[in-house]
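Everything below concerns the one structure shown next.
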Amino acid sequence: MSKKILILVVISTLLLSCDGDRIYEDFVSVSQQSWAETDSLRFDMKGLDLQEKKTLLAIRYNENYNFSNCYIRIISKDSTGLILENKLLNIPLFDSKTGEPLGKGYGSTFTKYDTLPFSLKSTTESLTLLQYMRVETLPGIEAAGIKVLQ
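Here my numbering is used: the first residue of the sequence shown is 153, the next is one more, and so on.
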């Protein structure tokens, strides 16, 4: 009987841990955990229904990151390459008073999700992220990602 209960608990856990609201999620890693000023991180959004969806920007970082925030330019384009949005975002990564990481994680790696302050247009086919921190490279940034929810 206890074997059946254990199997039921495992299956229930697996079903409850699925993120049914997520329709897209992707991360792009940066080389050598250092985001260069010239590196553009591109996300292909072709074929996604983006109308009235919540979109999150994610930054995966570690304790080697030297700033409390990260300025990121996000550019959305349609299939012809026309720029639909071009916004500069300020993403806080560490508490400015305590220095504690604001993202969730384990060990020395954390991931911070922040909601985009605008809705993606239905014609959006790609998103590009650029770091705008006025330094050539940003050590401590491991990856950036986009997540689209229902």
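Yeah, the Cβ is synthetic: ideal placement off N, Cα and C, and Gly gets one too.
These numbers were taken from a predicted model, which means no experiment stands behind them.
Pairwise C-beta distances place the segment 266-286 in contact with the segment 193-207, as three or more of them are shorter than 8 Å. Secondary structure of SER248 (DSSP, three-state): coil. For ILE224, the closest of TYR213, GLU215 and LEU209 by C-alpha to C-alpha distance is LEU209. Distance from the CA atom of GLY257 to the CA atom of ALA188, rounded to whole angstroms, is 23 Å.
With contacts defined by Cβ atoms closer than 9 Å, SER231 and GLU237 do not form a contacting pair. PHE246 has its alpha-carbon roughly 34 Å from the corresponding atom of THR275. The continuous beta strand (DSSP E) containing ARG194 extends over residues 192-196. Beta-bridge analysis with DSSP links GLN283 to ILE224. Bridge pairing for ASP178: ILE298 [DSSP]. Here SER271 carries a coil assignment [DSSP, helix/strand/coil]. SER186 carries a strand assignment under DSSP once its states are collapsed to helix, strand and coil. Between TYR213 and ILE293, the beta carbon gap of about 5 Å places them in contact (Cβ cut-off 8 Å).
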